Amino acid sequence: MPHPDPEELSLLALYDDWEDSNTRDHLRVCPGCAADFAALRRTVEAVKTQPETSRLEVPGPGVWAGIHQELGLSESVHDDPLAGIREHYGTVRPGWAPGEAAAGEAAGDARSGGQDAGQDVRQADEHRAEREVPEREVPAEPVSLQERAASRAASRRSPAWWQRPGPWMAAAAAAVLVTAGAVWSLNQAPRPLAEADLAPLPKYSAAGSARVVETADGSRALEVQLSKDEAQGYQEVWLIAPDLSRLVSLGVMNSDSGTFQLPAGLEISEYPIVDVSDEPVDGNPAHSSVSIARGTLAT
Numbered sequence: 001m002p003h004p005d006p007e008e009l010s011l012l013a014l015y016d017d018w019e020d021s022n023t024r025d026h027l028r029v030c031p032g033c034a035a036d037f038a039a040l041r042r043t044v045e046a047v048k049t050q051p052e053t054s055r056l057e058v059p060g061p062g063v064w065a066g067i068h069q070e071l072g073l074s075e076s077v078h079d080d081p082l083a084g085i086r087e088h089y090g091t092v093r094p095g096w097a098p099g100e101a102a103a104g105e106a107a108g109d110a111r112s113g114g115q116d117a118g119q120d121v122r123q124a125d126e127h128r129a130e131r132e133v134p135e136r137e138v139p140a141e142p143v144s145l146q147e148r149a150a151s152r153a154a155s156r157r158s159p160a161w162w163q164r165p166g167p168w169m170a171a172a173a174a175a176v177l178v179t180a181g182a183v184w185s186l187n188q189a190p191r192p193l194a195e196a197d198l199a200p201l202p203k204y205s206a207a208g209s210a211r212v213v214e215t216a217d218g219s220r221a222l223e224v225q226l227s228k229d230e231a232q233g234y235q236e237v238w239l240i241a242p243d244l245s246r247l248v249s250l251g252v253m254n255s256d257s258g259t260f261q262l263p264a265g266l267e268i269s270e271y272p273i274v275d276v277s278d279e280p281v282d283g284n285p286a287h288s289s290v291s292i293a294r295g296t297l298a299t
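For the sequence shown, position 242 (counting from the first letter as 1) is numbered 242 according to UniProt numbering, and the numbering increases by one without interruption.
Below you can see the structure in the form of structure tokens.
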């Protein structure tokens, strides 16, 4: 049974009722895919978890006092902007204007006056008429810091993004796609099959390592690294049988590292010795019998 694509695992992780019996059956028998699916599910659950907000508290008056002093603000903003939330929340009238009470008092004083009160009454009536013009024609009065803080507090009562199903589902989908991409990248990375430490042979000092890796398409390659190139001619990489009676040439390494494709039918256990030789430019394809470094692959 083929392994499911990352998209299929993502859909199963996002939606518990997603119909895909073949993939679910595969997860029961494939530990690798089951581990990938479990990682995706953990990501979904982490995004769906709602943060604890019941313990949030309004800062005390000392917080604003410290900010005011640290920033060197003027006395005009000395009052704590959150005082209205702590002490008077729910009592602020958003439509109230400071001039309303003053106008009412002026009108009352005008009507209770003597012989010259008529003019004051008319002025108060005109002032009241101006305030009765439709709201869109009257410039807005300045809003106090307390009213602004109360308005912000009221707006925070609306459901947060994590309390609405649409946004968190989008966030969960994005998180799952990121995780699926990471899982896919890991699955595409070469998988090591065997490794060897390369030790220098007499008269040489270059050391290094070699490893056999398998790519996603099933092909294998030998990756070789040496600390330096000490060849008098050129370096050639070989795989050799344990009794040194058989050997396979993988190619020339013109620097201190190289990657060489392995023949499809070659068994690593039959050719476990990695050998880097110093070959003269003489046209002879055989091993020169002069090795720079050598090591044995271990799985």
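Ideal Cβ placement from N, Cα and C applies to all residues, glycine included. Here the structure is a predicted model, which means the values were calculated and not measured.
1) In the structure shown, what three-state DSSP assignment does L73 receive?
2) Within the continuous beta strand (DSSP E) that includes E236, where are the two ends?
3) Could you pull out every residue in the same chain whose Cβ sits closer than 6 Å to the Cβ of N254, ignoring the five residues on either side in sequence?
4) Alpha helix (DSSP H) containing E7: first to last residue?
5) Between which two residues does the alpha helix (DSSP H) containing V29 stretch?
6) Does DSSP put A298 in a helix, in a strand, or in coil?
7) Touch check for the stretch 220-239 and the stretch 256-267: three-plus C-beta pairs under 8 Å?
8) Identify, in the order they occur along the chain, each residue of the same chain with its Cβ nearer than 7 Å to the Cβ of L250, setting aside the five sequence neighbours on each side.
9) Quick one: give me the first and last residue of the beta strand (DSSP E) that D197 is part of.
10) Can you tell me the Cβ-Cβ gap for L198 and S209, rounded? I've got them flagged as a contact below 8 Å.
11) According to DSSP, what are the bridge partners of L226?
12) Rounded to whole angstroms, what is the Cα-Cα separation between D79 and A65?
13) Hey, quick one: how far does the beta strand (DSSP E) through G258 stretch, first residue to last?
14) So what does D278 bridge to, in DSSP terms?
15) Quick check: the Cα distance between I273 and P242, rounded to an integer number of angstroms?
16) Rounded to whole angstroms, what's the CA-CA distance from G72 to A46? Just pull it up for me.
17) With DSSP as the reference, label E267 as helix, strand or coil.
In this structure, then:
1) In the structure shown, L73 adopts coil according to DSSP, grouped into three states.
2) 234-240 is the span of the beta strand (DSSP E), which, as asked, contains E236.
3) Taken in chain order, the list of residues that qualify is empty.
4) 6-14
5) 21-29
6) strand
7) yes
8) L222, V237, W238, L239, F260
9) 191-200
10) 6 Å
11) G208
12) 8 Å
13) 257-261
14) Per DSSP, Q235.
15) Cα-Cα distance, rounded: 7 Å.
16) 43 Å
17) coil
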